[in-house]
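Notes follow once the structure below has been shown.
Numbering (mature numbering (1 follows the signal peptide of the UniProt record, and there is no 0)), first residue to last: -18 to -1, 1 to 146.
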């Protein structure tokens, strides 16, 4: 009986341990200011550098074919096992961001995505949650940003595509 009780306690504690990570909620005003004043600005990267220490330099760096002096894609790691990758190498292809974070509660992640979206939101845009709250995108099929949540065993992946 004691062994079963101990096993249950260990199982519960391991499950709660994986939910300890909390995403810092974005400072929307600060991000809006950064986004409006910096050329080649990317909101999620600003959010990460404002709230988490980097644990790596940029890697997997790629340059535009037409301008080898400008970076168009890279990856970088941050504290707490956060991994960020961005790609905007195609001339008319928009931007693709892949963010991997420790597993958190879906409700917290949805709120975080909504706040990140608020930073660069156009007045007339109307976004909604679709497909069991795994996609946050325009109500109508229009050019814009599309967020997708992919749950993995120990991590959560957020894919973001902005473009036409």
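The C-beta atom is built at its ideal place from N, Cα and C for all residues, glycine as well.
Which residues bound the alpha helix (DSSP H) around residue i?
i, result
"residue 98", "88 to 101"
"residue 34", "From DSSP, residue 34 is part of no alpha helix (DSSP H); its letter is neither H nor E."
Just checking my contact of residue i with residue j at CB under 8 Å: how many whole Å lie between their CB atoms?
i, j, result
"residue 125", "residue 109", "The Cβ separation is near 13 Å, so there is no contact."
"residue 22", "residue 80", "Going by Cβ atoms, the distance from residue 22 to residue 80 rounds to 18 Å, so no, they are not a contact pair."
"residue 25", "residue 98", "6 Å"
Could you tell me if residue i is buried or exposed, where buried requires 16 or more neighbouring beta carbons within 10 angstroms of its beta carbon?
i, result
"residue 89", "exposed"
"residue 41", "exposed"
"residue 37", "exposed"
"residue 132", "exposed"
I need the straight-line Cα distance from residue i to residue j, nearest angstrom please.
i, j, result
"residue 118", "residue 145", "15 Å"
"residue 100", "residue 50", "33 Å"
"residue 116", "residue 105", "23 Å"
"residue 29", "residue 87", "19 Å"
"residue 48", "residue 55", "14 Å"
"residue 6", "residue 74", "33 Å"
"residue 148", "residue 8", "The chain is shown only over -18 to 146; residue 148 falls outside these bounds and no answer can be derived."
"residue 127", "residue 107", "10 Å"
"residue 84", "residue 16", "26 Å"
"residue 10", "residue 32", "12 Å"
"residue 67", "residue 113", "24 Å"
"residue 34", "residue 61", "6 Å"
"residue 199", "residue 143", "No answer is possible for residue 199: the residues shown for the chain start at -18 and end at 146."
"residue 123", "residue 39", "37 Å"
Just to confirm the assignment, what range does the beta strand (DSSP E) spanning residue i have?
i, result
"residue 81", "77 to 84"
"residue 117", "117 to 120"
"residue 163", "Because residue 163 is not part of the residues shown, which for the chain are -18 to 146, the question remains open."
"residue 133", "126 to 133"
Identify the residues that DSSP records as bridge partners of residue i: which are they?
i, result
"residue 6", "Residue 6 is not bridged to any residue."
"residue 110", "119"
"residue 57", "41 and 67"
"residue 137", "84"
"residue 144", "77 and 127"
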